[in-house]
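Asks:
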Amino acid sequence: MKLRWVTAFAVMALLVLLGAPASAHVLIDAVEPVEDGAVRVTFSFDHGCDGAPTDEIVVSTPEGTDVVGDLTQPDGWIGEVTESSIRWTGPAIADGDPGTFTAVMRLTGRVGETLLFPTDQFCEGGGTYTWDDPADDAEEPAPRVVGTAATLDEIVGADTGPSGAGSTAVAVAVLLSAVIGATALRIGSDRLRRA
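By the working numbering, the letter at position 189 of the sequence shown is numbered 1139, and the numbering carries on one by one without gaps.
This is how it looks when you write it as structure tokens:
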């Protein structure tokens, strides 16, 4: 019985540590490998600026990032790529309605490194949000991706990222492995006693 509580606590701790940021931000919803080391990155939001609808999003890409493929955006919107950013503009998306944008790109970095995509959200009437804070739990956090062998086109070494994200992931993995190991041991010993 005690092991169940330990397991339940470990699972809850894992969910808290890995939980998604609040949906009121511009987020990276998915990073999907496509081919030749490129990934499709999906950005989204579901709010405007204090009730005003959104009509522009500008995403700054990390150093070493190349946008190499299709951009997708809501109907009527247009995407434009510059050397260090992607700018989407179009008919206003009402506050509370979702907006989803994708870009195919090649990411360069270290496994475990947190790659930040500072984003400006512009709304009708002059309202803006600047999602650029490196802290994940900040009021206006930058959208982010943690580099993995599957998401990086060019891997330049190991790193824990600016906020120690790599060490947190390792600690969670060790904790989860210990819980799984203890659970397997317990199940195995219960079966031996019954046999």
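Glycine included, every Cβ here is placed at the ideal spot set by N, Cα and C.
CA-CA distance, T1004 and P1012?
Replies: 24 angstroms
Asks: Mind checking A972: buried by the 16 CB within 10 Å criterion, or exposed?
Replies: Residue confidence for A972 is low, a pLDDT of 38 falling below 50, so the modelled location carries little weight and cannot support an answer.
Asks: Using 10 angstroms around the beta-carbon of G1001, count the other beta-carbons present and answer buried if the total reaches 16, otherwise exposed.
Replies: exposed
Asks: Look at the alpha carbon of D1020 and the alpha carbon of E1089, and state the distance between them as a whole number of angstroms.
Replies: If you draw a straight line from the Cα of D1020 to the Cα of E1089, it comes to about 31 angstroms.
Asks: Measure the C-alpha to C-alpha separation of D1086 and D1025 and round it to an integer number of angstroms.
Replies: Each residue's Cα considered, the two are about 30 angstroms apart.
Asks: Between which two residues does the beta strand (DSSP E) carrying G1076 extend?
Replies: No beta strand (DSSP E) contains G1076, which DSSP labels as neither H nor E.
Asks: Can you give me the C-alpha to C-alpha distance between C999 and D1045, rounded to a whole angstrom?
Replies: For C999 and D1045, the distance between alpha carbons rounds to 7 angstroms.
Asks: From A1032 to L977, what distance separates their C-alpha atoms?
Replies: The sequence shown places Thr at residue 1032, not Ala. Cα to Cα, T1032 sits roughly 21 angstroms from L977.
Asks: On the DSSP bridge list, what partners appear for S1035?
Replies: S1010
Asks: Is G1019 helix, strand or coil when you go by DSSP?
Replies: Note: G1019 maps to strand in three-state DSSP.
Asks: Please report how far the alpha carbon of A1053 lies from the alpha carbon of L1102, in whole angstroms.
Replies: Rounded to the nearest whole angstrom, the CA to CA distance from A1053 to L1102 is 15 angstroms.
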